[in-house]
Amino acid sequence: MKKTLLLLLAFSGVASAQRYTTEVFSQVTVTPDQRYATNIDFLTSDFSDQTQVVADVTALKTALATGQPIPAAFYNPADPSTDVKVTDLNADVYMPVGDTVTDRPLAIYIHTGNFLPPGLNGSINGSRKDSAAIVMCEKLAKRGFVAFSVDYRLGWNPLDPNQFVRRAQLLNAVYRSIHDIKELVRITKYNASVFGIDTNRIVLFGEGSGGYVALAYATLDKWAEVEIAKFINPATSQSFVDSNLVGNLEGLGGNLNLYRDNGYSTDVSMCVNMGGALADISWLEAGDPSMISIQCVRDPFAPFGNGTVVVPTTQDDVVDVSGANIFQLKANSLGNNNAWINNTYNDPITLAARARYGVTYPYIFPAPFDTITVANAEGLYPVIRPLAGSLFNNNGSPWQWWDPNGPIASDTLIAGPPVITYHMAGLASNPNMSPAFGRAYQDTILGYVTPRLIYQMNLIGTEEFNFNKSISMYPNPAQHTLSLELMDADLDLSSYEIMDNTGRMVSAGSLEGMKNDISIESLKPGVYFISVQTNRGSATSRFIKQ
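Residue numbers for the sequence shown, in mature numbering (1 follows the signal peptide of the UniProt record, and there is no 0): -17 to -1, 1 to 529.
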């Protein structure tokens, strides 16, 4: 009842009318495989012979210092002449075609994957080439952003029988990935003019494991934060992270690190978390970058509240973390989101999120932990997917999809009997997987994030218009056809999107001329919102399908 009343009271006219919130460009140019860094690969290196390691690292650092290319043997895991191996890290760059703006905000998309390559991580996904990564970057570029889909270094052993070894390896994997993204930010700021980027407007989009990276990037800023009790090696009483080996918090120095300072900062404006968690709530402090979170309430891999990361195949514990239901409240209370939190948002996506605040849902664990209540935390979009019959069949990433006939999808994950392919295993937790299903969730995510992002980055400025004064919409309620007729001769219609009362896009199309008739035959009876894109931006109105 509360949700219905909120929707009936929703605005019928004014919406933010500008680039960044809607797709104002129809085409995107992609520049793939742009190398941004080279560093030691912990996934393929052998560090057991310290004499050889010292010799290899010395050769690498000498080559870099003298401007010489790194010898090919260091790139080839099968070459026995070196024990230390390196890997190139690349970015795919997405930019809008026909854009004349030269100081655009940058969105860095950090993919999921459990810090292991696809297949080895038990999943089809886990690279910058994931379908979800590609399409999200395309959508961001069409809204006027420059978007990077990026690599970061992988490597840890989730199957090690020792919990402290698993924890140490995972913490170091996250730590190295932060270094990689910081190197990317430094290099990007140095080359900002090449891509037309405003270096003061950078947002991290982290998905799954990438969400852990983005959140850690935004909050880990004191060495004492890696010396809290759960990150101390009981055998040495020292932190699992050794800065003498892997470098300081900025990713500089360290015997097993090749990054060098170029004088540019690693500051970013904002962090968007899609299904990740925060390594420790104490890391989050006043002054950290703004945060927005999208998370499935029943995500079995990243706790929605306080919980423990476990290895899915063995269910062995790794480390305790805090999910979006916890840290989003703290980020708000610290004032880190003040730039956008007090603005008025009456769009259907925001209303859908707020309708879930304070609601208690059946949860994924046995009693007494079989319920969870969503916090009243602006900036949190809680995704509700059906409660599955087993823990790891709950869906934590409905925005993902893949090619069922792809090379990894058709490979055998479990020999059986029965034989289970990677595709079959993926469908167990994401049974509705399809491009349309994933894209609809991405539209909802961007519909929630971008109105807040433009306030955080101070991207306000395009003219607004009033729907009801500029466009006649009839009949309302409607049964078969919804008509839009212009009442403003200076307004040009270009496209529309129809969303249901959860914020999910259910229909879209192009518009032209003074009058357009839109078929709504396929829509179920209920309340809907139509967003219209024009030469003066976009506006939204409500209608009822009978």
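Built from N, CA and C at the ideal position, the CB exists for glycine as well.
Helix, strand or coil at residue i [DSSP, three-state]
i: D250; result: coil
i: T20; result: For clarity, residue 20 is Ala in the given sequence; the question names Thr instead. In the structure shown, A20 sits in a strand (DSSP, three-state: E or B).
i: A411; result: helix
i: L(-9); result: Residue placement at L(-9) is flagged as unreliable, the pLDDT there being 27, under the threshold of 50; the coordinate-derived value follows with that caveat. The answer is coil: DSSP assigns L(-9) none of H, G, I, E or B.
i: M440; result: coil
i: V133; result: strand
i: F526; result: strand
i: V402; result: coil
i: S393; result: coil
i: residue 550; result: Within the shown structure, residues of the chain are numbered from -17 to 529, placing residue 550 beyond reach of any answer.
i: I215; result: strand
i: G290; result: strand
i: Q516; result: strand
i: I355; result: strand
i: D303; result: strand
i: I161; result: helix
i: V255; result: strand
i: Y431; result: helix
i: S380; result: coil
i: G492; result: strand
i: Y58; result: coil
i: S226; result: helix
i: T14; result: strand
i: L334; result: helix
i: A461; result: strand
Chain-order list of residues whose beta-carbon lies under 6 Å from that of residue i (same chain, five-residue window excluded)
i: A201; result: C254, D271, P272
i: I170; result: Y19
i: F8; result: P79, K125
i: D500; result: T464, S466
i: I277; result: M257, Y364, I428
i: Q462; result: Q529
i: T21; result: V69, D71
i: Q516; result: T5, S477, S478
Sub-8 Å separation of residue i and residue j beta-carbons
i: V11; j: Y92; result: no
i: L363; j: A338; result: no
i: V84; j: I23; result: no
i: N303; j: K172; result: Reading the sequence as shown, one finds Asp at residue 303 and not Asn. Contact: no.
i: D471; j: S453; result: yes
i: L312; j: Y3; result: no
i: G492; j: Y511; result: no
i: S412; j: T404; result: no
i: A285; j: G379; result: yes
i: N108; j: W385; result: yes
i: S160; j: I211; result: no
i: residue 552; j: N216; result: Nothing can be reported for residue 552: it is not among the residues displayed for the chain, which extend from -17 to 529.
i: T291; j: D282; result: no
i: V133; j: R87; result: no
Continuous alpha helix (DSSP H) stretch holding residue i: start and end
i: I107; result: That residue, I107, is in no alpha helix (DSSP H); it is neither H nor E in DSSP.
i: D4; result: The amino acid at residue 4 is misidentified as Asp; the sequence shows Thr. T4 -> no alpha helix (DSSP H), and no H or E assigned at all.
i: M119; result: 114 to 125
i: S9; result: No alpha helix (DSSP H) contains S9, which DSSP labels as neither H nor E.
i: D143; result: Taken as a continuous stretch (DSSP letters only), D143 belongs to no alpha helix (DSSP H), as it is neither H nor E.
i: T70; result: Careful: T70 lies outside any alpha helix (DSSP H), inside the beta strand (DSSP E) at 69 to 79.
N- and C-terminal bounds of the beta strand (DSSP E) containing residue i
i: N499; result: 498 to 502
i: P88; result: 87 to 93
i: M482; result: 476 to 483
i: R184; result: 180 to 190
i: T297; result: Segment: none, T297 is in no beta strand (DSSP E) and carries neither H nor E.
i: S28; result: Element bounds for S28: n/a, residue is neither H nor E.
i: I454; result: 454 to 457
i: I275; result: 273 to 279
Sequence-distant residues of its chain with Cβ nearer than 7 Å to residue i (five each side left out)
i: V118; result: R422, Q425
i: F(-7); result: Note that F(-7) scores 31 on pLDDT, short of 50, meaning its location in the model is unreliable; the coordinates nonetheless yield the value given after this. Same-chain partners within the cutoff: N329.
i: N376; result: A411, S412
i: E495; result: L476
i: N238; result: V40, N227, L228
i: G(-5); result: With a pLDDT of 31 at G(-5), under the threshold of 50, the modelled position of this residue cannot be trusted, and the question is left open.
Distance cut-off 7 Å: residue i Cβ against heavy atoms of the ligand COA
i: I527; result: Absent from the structure shown: the ligand COA. Ligands present: none.
Own chain, CB closer than 8 Å to residue i, minus 5 neighbours either side, in chain order
i: L235; result: Y242, R243, D244
i: K44; result: L241
i: Y438; result: A322, W323, N326
i: L167; result: Y19, A20, L72, A74, I91, F131, V133
Test: residue i CB closer than 8 Å to a CB of chain B
i: L465; result: Protein chains in the displayed structure number just one, and chain B is not present.
### Query
Does the region 245 to 264 come within contact of the region 185 to 197, defined as at least 3 CB pairs closer than 8 Å?
yes
### Query
Any contact of the region 47 to 54 with the region 89 to 108, i.e. 3+ C-beta pairs under 8 Å?
no
### the region 309 to 327 touching the region 410 to 418, judged by at least three CB pairs closer than 8 Å
no
### Query
Quick check: the region 126 to 142 against the region 93 to 108, are there 3 or more CB pairs under 8 Å?
yes
### Task
Check whether the region 58 to 67 touches the region 26 to 45, taking contact to mean three or more Cβ pairs, one atom from each stretch, closer than 8 Å.
Under the 8 Å Cβ criterion, the region 58 to 67 counts as touching the region 26 to 45, having at least three qualifying pairs.
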